[in-house]
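To start, the structure itself, in structure tokens.
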Amino acid sequence: MLISLALTGGGEETDMAETIEIQAIVGARRVTREQVRAWESRRANAVLNKMTARLGPRALAELLPDRPIETLSAAPLETRRKALTDLKTRLGHAGIYAMLKRELAFSERTARTAVAVSRGRTQHSVTRLSAPGRSAERFAAWFTNLVVVDDEPPMVDSCPDHYLQRGLPDGRHEVVETTGGSPMPSRFVIDYTRTEALTIPVDPRYPIQIAGQALLDDGLTIGGVRHQFRDNEGTLEALLTVQFPAALPARLIREHRWHLAVEFSNWLLASV
Numbered sequence: 010m011l012i013s014l015a016l017t018g019g020g021e022e023t024d025m026a027e028t029i030e031i032q033a034i035v036g037a038r039r040v041t042r043e044q045v046r047a048w049e050s051r052r053a054n055a056v057l058n059k060m061t062a063r064l065g066p067r068a069l070a071e072l073l074p075d076r077p078i079e080t081l082s083a084a085p086l087e088t089r090r091k092a093l094t095d096l097k098t099r100l101g102h103a104g105i106y107a108m109l110k111r112e113l114a115f116s117e118r119t120a121r122t123a124v125a126v127s128r129g130r131t132q133h134s135v136t137r138l139s140a141p142g143r144s145a146e147r148f149a150a151w152f153t154n155l156v157v158v159d160d161e162p163p164m165v166d167s168c169p170d171h172y173l174q175r176g177l178p179d180g181r182h183e184v185v186e187t188t189g190g191s192p193m194p195s196r197f198v199i200d201y202t203r204t205e206a207l208t209i210p211v212d213p214r215y216p217i218q219i220a221g222q223a224l225l226d227d228g229l230t231i232g233g234v235r236h237q238f239r240d241n242e243g244t245l246e247a248l249l250t251v252q253f254p255a256a257l258p259a260r261l262i263r264e265h266r267w268h269l270a271v272e273f274s275n276w277l278l279a280s281v
């Protein structure tokens, strides 16, 4: 089924046709694809504004010579998505670290404090997606392979708040992103060989899982993921869950549900 989407709340229209109709439940609320795209649209403009302010017009002209930055905020979402991925890719890992160094340092201190104050208590951000015509096993293999072969563009492209996503030589997954409703980005690595600190329950109805702990460089566990998948009469069903320290603000947890809806919807669309 081909659908043509007009965004609500994003102030734009797009003629981009999506080849599957993804349905989402954010928390306990069923939301439309248009609402998910509108959330992505707002975050795309927020990240474009941040990078414009940090880099300045000369650097932006070097990095995006064919796309004047002042025209991007009103461009279709797909155009902004590609521009952001190109901008981050051309800036490179070192450029991302340099641009965000103060925020990453502050976020790390905040994460350490949240873990200490939480004393082992956690809270979970949960989103459910369904995607007809997709296979749970094939999608999980496709996603895992992104990390294994370090295929960075699809990882970054899936959400405006992804600044850096890459597979490390030791098999772990490095992430620099703005998490949910956080005011600033953070950096961590996900170790998919470790799950002992996860408090996210295993749902036996979902036989395929992608799970791992989120760590700082010294090994401190600050959270984790357990993404669970199953097939139901030709439709992939995903139960997506991220674990956070309980001391973090509830708004961050609520907003990260939308982050999950955006990134996994875009990954599902890309995993043809």
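Here our numbering = 1-based position in the sequence shown + 9. Ideal Cβ placement from N, Cα and C applies to all residues, glycine included. Keep in mind the model is a prediction, meaning the values are calculated, not measured.
Beta-carbon within less than 6 Å of residue i's beta-carbon, same chain only, minus the 5 sequence neighbours each way: which residues are those?
| i | result |
| --- | --- |
| Ser-135 | Checking the sequence, you will find Val at residue 135 rather than Ser. Only Thr-250 meet the Cβ criterion. |
| Glu-183 | Arg-175, Leu-177 and Val-198 |
| Leu-269 | Thr-136 and Leu-249 |
| Val-40 | Ala-33 |
With residue i and residue j assumed to form a contact (beta carbons below 8 Å), what rounded beta-carbon distance in angstroms separates them?
| i | j | result |
| --- | --- | --- |
| Val-157 | Leu-173 | In fact, because the Cβ distance is near 17 Å, the residues do not count as touching under 8 Å. |
| Tyr-215 | Arg-239 | 5 Å |
| Asp-93 | Pro-169 | Note that residue 93 is Leu in the sequence shown here, rather than Asp. Confirmed, Cβ separation roughly 6 Å. |
| Pro-162 | Thr-98 | 7 Å |
| Ala-140 | Ile-34 | Going by Cβ atoms, the distance from Ala-140 to Ile-34 rounds to 13 Å, so no, they are not a contact pair. |
| Gln-252 | Leu-207 | 6 Å |
| Leu-57 | Leu-72 | 12 Å between Cβ atoms; not a contact. |
| Leu-229 | Arg-121 | 7 Å |
| Ala-69 | Ile-78 | In the sequence as presented, Ala is not what sits at residue 69; that position holds Leu. The Cβ separation is near 5 Å, so the contact holds. |
Mark residue i as exposed unless 16 or more other C-beta atoms lie within 10 angstroms of its C-beta, in which case mark it buried.
| i | result |
| --- | --- |
| Ser-274 | buried |
| Leu-138 | buried |
| Asp-200 | buried |
| Val-271 | buried |
| Arg-235 | buried |
| Ala-53 | buried |
| Val-165 | buried |
| Val-45 | buried |
| Ala-259 | exposed |
| Ala-247 | buried |
| Gly-101 | exposed |
| Gly-65 | exposed |
| Arg-63 | exposed |
State the beta-bridge partners of residue i as determined by DSSP.
| i | result |
| --- | --- |
| Asp-166 | In DSSP, Asp-166 forms no bridge with anything. |
| Val-185 | Leu-173 and Arg-196 |
| Asn-154 | Looking at the DSSP assignment, Asn-154 forms no beta bridge with any residue, so it has no partner. |
| Val-234 | Gly-221 and Val-251 |
| Thr-131 | Pro-254 |
| Ile-34 | Arg-39 and Arg-137 |
DSSP three-state call for residue i: helix, strand or coil?
| i | result |
| --- | --- |
| Ala-84 | coil |
| Ala-279 | helix |
| Thr-41 | coil |
| Pro-66 | helix |
| Ser-144 | coil |
| Gly-104 | helix |
| Arg-99 | helix |
| Leu-269 | helix |
| Glu-27 | strand |
| Ala-220 | strand |
| Ile-262 | helix |
| Val-211 | coil |
| Glu-242 | coil |
| Gly-109 | Note on identity: in this sequence residue 109 is Leu, with Gly being the wrong assignment. Three-state result, Leu-109: coil. |
| Leu-57 | helix |
| Thr-94 | helix |
| Leu-138 | strand |
| Ala-206 | coil |
Only counting the same chain, and skipping five residues up and downstream in sequence, which positions put a Cβ closer than 7 Å to that of residue i?
| i | result |
| --- | --- |
| Ala-255 | Ser-127, Arg-130, Thr-131 and Gln-132 |
| Arg-76 | Ala-92 |
| Ala-145 | Ile-217, Phe-238, Arg-239, Asp-240 and Leu-245 |
| Ala-149 | Ile-217, Ile-219 and Phe-238 |
| Trp-48 | Trp-267 and Val-271 |
| Lys-194 | Note on identity: in this sequence residue 194 is Pro, with Lys being the wrong assignment. Contacts found: Leu-109, Glu-112, Leu-113, Ser-116, Tyr-172, Val-185, Glu-186 and Thr-187. |
| Arg-203 | Gly-221 and Gln-222 |
| Leu-257 | Ala-123 |
Quick one: residues in its chain with C-beta nearer than 8 Å to the C-beta of residue i, no 5 flanking neighbours on either side, listed in chain order?
| i | result |
| --- | --- |
| Arg-143 | Ile-29, Thr-244, Leu-245, Leu-277 and Ser-280 |
| Asp-226 | Val-198 |
| Arg-263 | Gly-36, Ser-134, Gly-189 and Gly-190 |
| Leu-81 | Leu-57, Thr-88, Arg-89 and Ala-92 |
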